[in-house]
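Structure, as structure tokens:
This is how it looks when you write it as structure tokens:
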């Protein structure tokens, strides 16, 4: 098999492959206060977009945004892009347009 030949990937069991949007620079609070990229925020949860999932994942779909702890992640590079591998049990919330019953909070 050639080294540069690309193979399809099948996600297994309860695993999700997610991508965090590139926003590692400054952030702004709701009040407009600039938070520098060097500011450490302990125990902050992160939103990411689901790009692939295993056959046993029931609470999320491809394209949904999921909330998880950065401490529960495994990083992987696929096709030159960085992704995060999670287990479904590591998710704290799922944001998607297709949910009927919600908490009343919106992104």
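Residue numbers (the working numbering): 45 to 151.
For every residue, glycine included, the Cβ atom is placed at its ideal position computed from N, Cα and C.
The alpha-carbon separation between residue 131 and residue 92 amounts to approximately 13 Å. In this structure residue 98 touches residue 56 by the C-beta definition: roughly 5 Å separates them, less than 8 Å.
Less than 8 Å separates the beta-carbon of residue 139 from that of residue 109. For residue 96, the closest alpha carbon among the candidates 51, 59, 136 is that of 59. C-alpha of residue 129 to C-alpha of residue 50: approximately 20 Å in a straight line. Bounds of the beta strand (DSSP E) holding residue 129 are 125-131.
Beta-bridge analysis with DSSP links residue 138 to 110. In the structure shown, residue 105 adopts coil according to DSSP, grouped into three states.
Looking at the DSSP output, residue 60 shares a beta bridge with 97, 130. Residue nearest to residue 62 within the set 78, 114, 77 is 114 (criterion: CA-CA distance).
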